[in-house]
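Student: Pasting a structure here, questions to come.
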Amino acid sequence: LSPDGDDEIRLANTTSASLGTARVADFPGNYLTSQTQDNGDVWFGTNYSYTNPIAGNYAWHTTLHEIGHALGLKHSQETGFFGAMPDNINSMEYSVMTYRSYINGPNGPYSNEANGFAQTYMMYDIAALQHMYGAD
Numbered sequence: 009l010s011p012d013g014d015d016e017i018r019l020a021n022t023t024s025a026s027l028g029t030a031r032v033a034d035f036p037g038n039y040l041t042s043q044t045q046d047n048g049d050v051w052f053g054t055n056y057s058y059t060n061p062i063a064g065n066y067a068w069h070t071t072l073h074e075i076g077h078a079l080g081l082k083h084s085q086e087t088g089f090f091g092a093m094p095d096n097i098n099s100m101e102y103s104v105m106t107y108r109s110y111i112n113g114p115n116g117p118y119s120n121e122a123n124g125f126a127q128t129y130m131m132y133d134i135a136a137l138q139h140m141y142g143a144d
């Protein structure tokens, strides 16, 4: 978190053609990798399918995914301090941060049914958030 404790996550829509789909700058207070003032900003393109998020649809999943980045979560395939998520649990049933619809599936695009996306953060998302922020 930022040294001054002034962290926030901001959500916004944009019509910018350069955005494409959705984007998050970084998690709030991540001054180690970025000195910009857009940390914690989550932008959704209004020209895509993010304008009607309903629990279980792609827009809802993308909203959870991008807010996950703003909270400090990384993609499941990314290495780093904790390494990538093992293949035997790298699917949407375990994390909204993955691009795999099912275990050992392709790393995108999603292949589940239209309303078969996660409706909440999944078990490994919750575990990571609790590790970062505490369980209570």
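Under this note's numbering, the residues of the sequence shown are numbered 9 to 144, in order. Built from N, CA and C at the ideal position, the CB exists for glycine as well.
(1) Is D144 helix, strand or coil when you go by DSSP?
(2) Rounded to a whole number of angstroms, what is the C-alpha to C-alpha distance between G64 and F89?
(3) Between K82 and the rest of its own chain, which residues show a CB-CB distance below 8 Å, the 5 nearest in sequence each way excluded?
(4) So, for E101: in the same chain, excluding its five sequence neighbours on each side, which residues have a beta-carbon less than 7 Å away from its beta-carbon?
(5) With C-beta atoms as the reference, is S103 less than 7 Å away from S119?
(6) Please classify E121: is it buried, with 16 or more other beta-carbons within 10 angstroms of its beta-carbon, or exposed?
(7) With H, G and I counted as helix, E and B as strand and the rest as coil, what does DSSP make of N120?
(8) Take H73 and list the residues in its own chain whose beta-carbon comes closer than 7 Å to its own, dropping the five residues that flank it on each side.
(9) Return the chain-ordered list of same chain residues with a C-beta closer than 6 Å to the C-beta of N98, the five sequence neighbours on each side being excluded.
(10) With a CB to CB cut of under 6 Å and the five nearest residues on each side skipped, what residues in its chain are close to T128?
(11) In three-state DSSP terms, what is L19?
(12) Give me the Cα-Cα distance between P114 and T70, rounded to the nearest whole angstrom.
Tutor: In this structure, then:
(1) coil
(2) 31 Å
(3) G88, M105
(4) M130
(5) no
(6) exposed
(7) coil
(8) V104, M105
(9) S84, T106, R108
(10) none
(11) strand
(12) 18 Å
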